[in-house]
């Protein structure tokens, strides 16, 4: 028991270069006021909300002897967002209009070509967004008054992202680990901190066994399914057959999810182990089991939010129908102004618990990430000097638009 | 005045952490390290950068990475010289959280009200010529799918002019597409799909649908919904995708519902003026509503494989695939207008029926036949969409 416990415990905080010292209470206060202000500003405050969240998470993160500092601003994120609306969303709106016009006028070929170009553009921008977000985050992260960044704008990375991802999916998707690792290395290889360039040399072949496990599992499950089917047919018991099928489906979804997680756990270990900065070597020690606990906790947070909405709602509807005051409107019947007036408070009430899910999941993921981050080697503070890279004045609007993670 | 207040200091050039004392002289200060003096720096250049544990951190607005950190309570004399600490953002910090919340709430409510109401004011401001150009750009000649025979056009003109005082600014066409629907597009364009004519039992039924679309044109709903859609997507852009999308959908739905009932009111009045019985339209709505509920009961409308894809024969056998194409048309032209087939709409038409009134048919039998057969008799008309649109032929597009 003791030994098992020791293994699950993260390395002793004093031994680790990274340590997270935040607490739920302080973070909760930030999250709640963020939600309040986000609601009354129709969402515009969320850029400042993100900034406040990050300022807290970064400032509670110790690396060796000092805390990290987040210096991004809400205004930057807002500008990034407005830029994306102007340069991307509005043109997309117009392209959709043109596409409809082409379809209506019988130019299916041209409409298809336009779709192809549009999807290509989105693909390219997806890669660019990932790169720019990482660059932005490093440029806004200070430690000892020194920041990171990159002088590469990432336009070339956008192309790499396109062709490497495309190659990854060729040969039945067998090269996906290669494309993932190669893109990770390319992205990080262009980043720097202070005057030092990061080096990323993760080897995809170290993750390949796990990937094969994930890749082959469906075939194994499928074969298993046939076996179960044959057995059930010979036993000739509908109940048994039903149970076997349910078990198989559960195993398929949960099992495949777990194996995918095992691959990602290995991927991050290998990728971060391959990362170094001058005389510092990074490492990441989270195992599949740790990821499982992390994601189980996320699911728990979702469940709590759902219960926080559902339980009062059921109680209210229950008591009102006892009083006979609440009738569900029939389809097609106009629910009338009364229900519309009720709709707003009901929506706000239902939305708040779910709005809290995001911040707490981000908190947990940051803590997880910092807890399992390792760093070895030495750093000479006398020698570490300020980054010379240029910084952009706008935040991660593109990434926001595509809703993807940065690291 | 000299007050010894200790701090840590990063000069922004190297990563070395220096322990210093702040030596204030007027609006400036020096940072005194053992054996070294940094500065002077002006207090006016400092910006509050937030908390680091129990320390307050200030940065210099011109020197990248320059930081001083003051642990614990800052002496009042020094605090008076330092810039204000911010927490939520400068506007909110100035007002205080409570007041700012109320102020933002009021501004937001006004903004929402303006954006929701604006399309009604803005749509009439769009010049008719601009809207016409937009409509032409969108539809063009509809890929040669508009049906045209002399007798059919004459019947259509007769039907239309009975329902509207001046149809010179309207552009009403029948398209050779097997879909039970009609749409109003920008620039006074109204398109009746041939499937609608095939499924209608009389010209009176078509008159009701046509009058409804004329209502959309006359009330400027098309332009309104285009403007509203753009306004809402910008407004809701600030929210997370999911929440914004849901709210957007709810608001848009509420508006399309009120637009539909306005168009219905317009249609009822037009039918009354033209002396056409509204019962036919009511009956048509009922048949369509039945098709839709059948579709729902039969399920899986997305997978066309199991649906009977018969060519139109006017029989109810292809009802489900009619409703399906109806839905697909809505997805394609989603921002224009949707036609919820509800019982209350049917009832409104029924209610406007005057008992014992001697209604006249909208068209003679000969004219009705000419209209119905227009697409069949037009030899050089294109048919259907290039992709599967419930027309029974063509490749699978979706």
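Protein chains in written order, with my numbering: chain A, 1 to 407; chain B, 408 to 805.
Just so it is clear, CB atoms sit at the ideal spot from N, CA and C, and this is done for glycine as well.
Worksheet item: Between which two residues does the alpha helix (DSSP H) carrying residue 534 of chain B extend?
Response: First-last for residue 534 of chain B: undefined, no H or E at that position.
Discussion item. For chain B, check one thing: does any of its Cβ atoms lie closer than 8 Å to the Cβ of residue 50 of chain A?
Written reply: no
Discussion item. As a quick exercise: from B:781, B:636, B:491, B:767, pick the residue whose alpha carbon is nearest that of residue 450 of chain B.
Written reply: B:491
Discussion item. Counting only Cβ pairs nearer than 9 Å, list the residues of chain B close to residue 201 of chain A.
Written reply: Listed along the chain, the chain B residues whose CB falls inside 9 Å of the CB of residue 201 of chain A amount to none; the nearest CB is some 25 Å away.
Discussion item. For residue 133 of chain A, tell me which candidate among A:89, A:107, A:187 has the shortest Cα-Cα distance.
Written reply: A:187
Discussion item. For the beta strand (DSSP E) containing residue 467 of chain B, name the first residue and the last one.
Written reply: 462 to 467
Discussion item. When you compare the CB of residue 298 of chain A with every CB in chain B, is at least one pair closer than 8 Å?
Written reply: no
Discussion item. For residue 676 of chain B and residue 106 of chain A, I'd like the C-alpha separation in whole angstroms.
Written reply: For residue 676 of chain B and residue 106 of chain A, the distance between alpha carbons rounds to 36 Å.
Practice prompt. Just mark residue 86 of chain A as buried or exposed, buried being the case when its beta carbon has 16 or more other beta carbons within 10 Å.
Written response: exposed
Discussion item. Using only the alpha-carbon positions, how far apart do residue 635 of chain B and residue 665 of chain B sit?
Written reply: 14 Å
Item to complete: Taking residue 163 of chain A as the reference, give the member of A:172, A:171, A:179 with the closest Cα.
Response: A:179
Worksheet entry | Residue of A:229, A:211, A:71 minimising C-alpha distance to residue 181 of chain A | A:211
Worksheet item: How would you list, in chain order, the residues of chain B whose beta-carbon sits under 7 Å from the beta-carbon of residue 146 of chain A?
Response: 422, 472
Item to complete: Determine which residues share a DSSP beta bridge with residue 373 of chain A and list them.
Response: A:284
Item to complete: Just list the beta strand (DSSP E) runs in the stretch 147 to 223 of chain A, keeping only unbroken ones of 3 residues or longer that don't cross its boundaries, in chain order.
Response: 196 to 200
Worksheet item: Grouping DSSP H, G and I as helix and E and B as strand, with all else coil, what is residue 428 of chain B?
Response: Note: residue 428 of chain B maps to strand in three-state DSSP.
Worksheet item: What is the DSSP secondary structure of residue 459 of chain B, counted as helix, strand or coil?
Response: strand
Fill in: Interface partners of residue 548 of chain B on chain A, CB under 9 Å
105, 106
Item to complete: For residue 54 of chain A, decide whether its Cβ has a neighbour in chain B, counting only Cβ atoms nearer than 8 Å.
Response: no
Worksheet item: From what residue to what residue does the alpha helix (DSSP H) around residue 95 of chain A run?
Response: For residue 95 of chain A, the enclosing alpha helix (DSSP H) begins and ends at 90 to 104.
Item to complete: Pick out whichever of B:787, B:454, B:468, B:473 has its Cα sitting closest to the Cα of residue 425 of chain B.
Response: For residue 425 of chain B, the closest of B:787, B:454, B:468, B:473 by C-alpha to C-alpha distance is B:473.
Discussion item. Would residue 255 of chain A pass as an interface residue toward chain B - the criterion being a Cβ-Cβ separation below 8 Å?
Written reply: no
Practice prompt. Taking C-beta pairs closer than 7 Å, name the residues in chain A that residue 786 of chain B reaches, listed in chain order.
Written response: Ordered by position in chain A, no residue passes the 7 Å Cβ test against residue 786 of chain B, which lies about 18 Å from the chain.
Discussion item. So for residue 142 of chain A, helix, strand or coil by DSSP?
Written reply: strand
Practice prompt. Flag this pair as yes or no: are the beta carbons of residue 471 of chain B and residue 386 of chain A separated by less than 8 Å?
Written response: yes
Practice prompt. Report, in whole angstroms, the separation of the C-beta atoms of residue 638 of chain B and residue 526 of chain B, which I expect to be a contact under 8 Å.
Written response: 7 Å
Discussion item. Just to confirm before moving on: does the CB-CB distance between residue 52 of chain A and residue 34 of chain A stay below 8 Å?
Written reply: With respect to the 8 Å criterion, residue 52 of chain A and residue 34 of chain A are classified as neighbours on the basis of their beta carbons.
Discussion item. Less than 8 Å between CB atoms is the rule here; does residue 764 of chain B satisfy it with respect to chain A?
Written reply: no
Worksheet item: What residues are listed by DSSP as bridge partners for residue 415 of chain B?
Response: B:426, B:476
Practice prompt. Determine whether the Cβ of residue 308 of chain A lies closer than 8 Å to any Cβ atom of chain B.
Written response: no
Worksheet item: Residues in its own chain within less than 6 Å of residue 435 of chain B by CB, not counting five upstream and five downstream?
Response: 447, 449.
Fill in: Contact the stretch 526 to 539 of chain B vs the stretch 564 to 573 of chain B: 3+ CB pairs below 8 Å
no
Worksheet item: Span of the beta strand (DSSP E) holding residue 42 of chain A?
Response: That residue, residue 42 of chain A, is in no beta strand (DSSP E); it is neither H nor E in DSSP.
Practice prompt. Tell me, please, whether the CB atom of residue 100 of chain A is closer than 8 Å to any CB atom in chain B?
Written response: yes
Discussion item. Quick check on residue 409 of chain A: buried or exposed, where buried means 16 or more other Cβ atoms within 10 Å of its Cβ?
Written reply: The structure shown does not extend to residue 409 of chain A, since chain A is modelled only from 1 to 407, so the question has no answer here.
Worksheet item: Just by C-beta distance, which residues in the stretch 530 to 557 of chain B are closer than 8 Å to chain A?
Response: 544, 545, 546, 547, 548, 549, 550, 551, 552
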